[in-house]
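These protein sequence lines are chains A and B, in that order. Heads up: the first sequence is residues 8 to 140, going by the numbering used here. Heads up: the second sequence is residues 2 to 225, going by the numbering used here. Where is the CB? At the ideal position from N, CA and C, for every residue including glycine. The structure displayed is predicted, hence computed values, not measured ones. Quick notes on the structure that follows.
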Amino acid sequence: MHELSVASAVVEKVLEFVSAHSVKKVLAVRLAIGELSHIEAEQLRFCYVAITEQTPIQDSALEIETVEAVVNCERCRYRGRPKYWDDALSVGPIPTMECPNCGGAVEIAEGNDCAIKSIRFAVEDDGLAIPAA
Amino acid sequence: MIQTIEASPDEIYDIELEHSLLEANAQLAKENRALLDRHGVTAVDVMGAIGSGKTTLIGRLVERLKDRFGVAVFNGDATTSSDADLIANQSVPVVQIATINGCHLDANLVGKALQKISLEQLRLVFIENIGNLICPAEFPLGSKARVVVVSVTEGPYMVRKHPHMFLGAQLVVINKIDLAEAMGVSVAELTKDVHKLKPDLRVIPTSCKTGDGLDEVTAALLAV
Numbered sequence: 008m009h010e011l012s013v014a015s016a017v018v019e020k021v022l023e024f025v026s027a028h029s030v031k032k033v034l035a036v037r038l039a040i041g042e043l044s045h046i047e048a049e050q051l052r053f054c055y056v057a058i059t060e061q062t063p064i065q066d067s068a069l070e071i072e073t074v075e076a077v078v079n080c081e082r083c084r085y086r087g088r089p090k091y092w093d094d095a096l097s098v099g100p101i102p103t104m105e106c107p108n109c110g111g112a113v114e115i116a117e118g119n120d121c122a123i124k125s126i127r128f129a130v131e132d133d134g135l136a137i138p139a140a
Numbered sequence: 002m003i004q005t006i007e008a009s010p011d012e013i014y015d016i017e018l019e020h021s022l023l024e025a026n027a028q029l030a031k032e033n034r035a036l037l038d039r040h041g042v043t044a045v046d047v048m049g050a051i052g053s054g055k056t057t058l059i060g061r062l063v064e065r066l067k068d069r070f071g072v073a074v075f076n077g078d079a080t081t082s083s084d085a086d087l088i089a090n091q092s093v094p095v096v097q098i099a100t101i102n103g104c105h106l107d108a109n110l111v112g113k114a115l116q117k118i119s120l121e122q123l124r125l126v127f128i129e130n131i132g133n134l135i136c137p138a139e140f141p142l143g144s145k146a147r148v149v150v151v152s153v154t155e156g157p158y159m160v161r162k163h164p165h166m167f168l169g170a171q172l173v174v175i176n177k178i179d180l181a182e183a184m185g186v187s188v189a190e191l192t193k194d195v196h197k198l199k200p201d202l203r204v205i206p207t208s209c210k211t212g213d214g215l216d217e218v219t220a221a222l223l224a225v
């Protein structure tokens, strides 16, 4: 259940942004969650709603996009999607560290992070300057 | 230099942040690692389910190593000091890390624990993680090796039910092999499952009761 700590980290960062800029209302926070990270989107949303209550970012939407896994094989130089373990017992495909090309061991190149991508917000009525993207 | 744009009242802006939520922990883990490296200390993160035998395995390894060089143990536990108490009997430095509601150890907690012991004359620190099979995988602590302890008493599907733990591990210990027959669980099948997830991951079957495999684990840890 570390979704709560991830949600807290999101809220902390967004509140920091809100207090540093002339933000009137945060409309949405967009996250990119790697396929190989162990964060469950629905639990994260639940935690986000719970901990944003009575904060300046209450009612902001949490938009979550999944970043697909990419692996590298040192041996055969394969770079691409991992091999998945998917058989009769599987409820969903499990990404593995076996090279889909040569059967060797691969390294994770992408898809194991969890990041705030962007914040969508309306600015205060006096329209102060904000940092450009 | 920070560039600024003029925002009009009520205008809606979309700002790219690209702020990693795991980066803060990863950075602290790097700092822990640098501190350990400076003192020539190797930390080993031991992960696995409650009851898989993490504490007992660490205890057996400490018995074998403590007369050769300095060994310390950090015991992560949500609610009790039972594990730390067991290890403390061996007269090596022990730090209990109580996470209370936390489901995993993080680099910050381990960094604090590192402040509590003298790193001089130390060679190995065992960090016993919380008995949780998902969350600890996400939080590097600064260890040189991550070991997953699986026991045959967790059933035949243990490995495939918790694949994430294995992807970042350097060693898997299949423990309690003296009970494999009684449990009807095949060590060979569990090993095969590990290799399906990660072909080069070393697997060592052990029994802390009979001592099987413990020499091999000791040698593997000294080689990391």
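Cβ neighbours of Cys198 (chain B) in the same chain (closer than 6 Å, five flanking residues each side left out): Here residue 198 (chain B) turns out to be Leu, not Cys, going by the sequence shown. So the list reads Pro164 and Phe167, once near-sequence residues are dropped.
Beta strand (DSSP E) segments (min. 3 residues) lying fully within the stretch 71-151 of chain B: You should have 71-78, 95-99 and 123-129.
Residue span of the alpha helix (DSSP H) that contains Thr154 (chain B), given as start and end: Segment: none, Thr154 (chain B) is in no alpha helix (DSSP H) and carries neither H nor E.
Cutoff 8 Å: Arg101 (chain B) Cβ touching any chain A Cβ: Looking at the sequence shown, residue 101 (chain B) is not Arg but Ile. No, no contact with chain A.
Same chain, Cβ closer than 6 Å to Arg88 (chain A), neighbours up to 5 away in sequence not counted: If the five residues before and after Arg88 (chain A) are omitted, its C-beta is found closer than 6 Å to no C-beta atom of its own chain.
Boundaries (first-last residue) of the alpha helix (DSSP H) holding Val74 (chain A): Segment Ala68 to Val74 is the beta strand (DSSP E) holding Val74 (chain A); no alpha helix (DSSP H) there.
Cβ-based neighbour list, Gln65 (chain A), same chain, cut-off 6 Å, excluding 5 preceding and 5 following: Excluding residues within five positions, the ones whose Cβ falls inside 6 Å are Thr59.
Residues bridged to Arg52 (chain A) [DSSP beta-bridge criterion]: Beta-bridge analysis with DSSP links Arg52 (chain A) to no other residue.
Cys80 (chain A) beta carbon less than 8 Å from that of Asn119 (chain A): Taking 8 Å as the Cβ cut-off, Asn119 (chain A) and Cys80 (chain A) do not qualify as a contacting pair.
Backbone secondary structure at Val18 (chain A) - three-state DSSP: helix
Alpha-carbon to alpha-carbon, Ser21 (chain B) and Ser29 (chain A): 23 Å
Close beta carbons around Leu69 (chain A), own chain, < 6 Å, minus the five adjacent residues each side: Val36, Arg52 and Tyr55
Distance between beta carbons of Leu106 (chain B) and Asn130 (chain B), contact taken as under 8 Å: 5 Å
Contacting residues, own chain, Cβ-Cβ under 7 Å from Pro102 (chain A) (five flanking each side not counted): Glu42, Leu43, Ala76, Pro89 and Tyr91
Neighbour flag for Asp228 (chain B) against chain A, beta carbons, 8 Å: The question about residue 228 (chain B) has no answer here: the residues shown for chain B are numbered 2 through 225.
Nearest residue (CA-CA) to Gly156 (chain B), options B:Ile178, B:Met184, B:Gln171 and B:Ser83: B:Met184
Among B:Thr211, B:Lys162, B:Tyr14 and B:Glu64, nearest to Leu125 (chain B) - alpha-carbon criterion: B:Glu64
Given 8 Å, three or more beta-carbon pairs between the stretch 35-54 of chain B and the stretch 128-144 of chain B: yes
is_contact[Lys31 (chain B), chain A] using C-beta, thresh 8 Å: no
Where the stretch 17-30 of chain B meets chain D: residues whose CB sits under 7 Å from a CB there: Given the protein chain composition of this structure (A and B), no chain D is represented.
Segments assigned beta strand (DSSP E), at least 3 residues, entirely inside the stretch 64-120 of chain A: 68-74, 77-80 and 113-117
CB contact check: Ala76 (chain A) to chain B, cutoff 8 Å: no
Under 9 Å from the C-beta of His40 (chain B): neighbouring residues of chain A: Within 9 Å Cβ-Cβ: nothing; His40 (chain B) doesn't reach chain A, min ~28 Å.
Proximal chain B residues relative to Gly110 (chain A), where beta-carbon distance stays under 9 Å: Pro200
Nearest candidate by alpha-carbon position, reference Ile135 (chain B), set B:Thr81, B:Val160, B:Pro94 and B:Asn26: B:Val160
Limits of the alpha helix (DSSP H) - the one that Ala189 (chain B) falls within: Element bounds for Ala189 (chain B): Val188 to Leu198.
Under 8 Å between C-beta atoms of Ala146 (chain B) and Leu202 (chain B): no
Local conformation of Gly52 (chain B) per DSSP, three classes: In the structure shown, Gly52 (chain B) sits in coil (DSSP, three-state: anything other than H, G, I, E or B).
Min CB distance Asp164 (chain B) to chain A below 8 Å: Sequence check: residue 164 (chain B) is Pro here, not Asp. Cβ-Cβ to chain A under 8 Å: yes for Pro164 (chain B).
Residue environment, Thr5 (chain B), which counts as buried when at least 16 other CB atoms sit within 10 Å: Confidence at Thr5 (chain B) is low in this model, with a pLDDT of 48, below 50, so its placement is unreliable and the value that follows should be read with caution. Exposed, because fewer than 16 other Cβ atoms sit within 10 Å of the Cβ of Thr5 (chain B).
Helix, strand or coil at Leu22 (chain B) [DSSP, three-state]: coil
Ala73 (chain B) versus Leu172 (chain B): straight-line alpha-carbon distance, rounded: When rounded, the distance between both Cα atoms is 20 Å.
Reference Leu191 (chain B); option with closest CA among B:Glu182, B:Ile175, B:Ser53 and B:Pro200: B:Ile175
Supposed close pair Gln97 (chain B), Ser82 (chain B) - CB separation, criterion 8 Å: 5 Å
Proximity test, Cβ basis, 8 Å: Glu105 (chain A) and chain B: yes
Interface positions of the stretch 16-32 of chain A facing chain B (Cβ-Cβ less than 8 Å), listed along the chain: Taking a C-beta cut-off of 8 Å against chain B, the contacting residues of the stretch 16-32 of chain A are Ala16, Val17, Lys20, Phe24, Ser29 and Lys31, listed in chain order.
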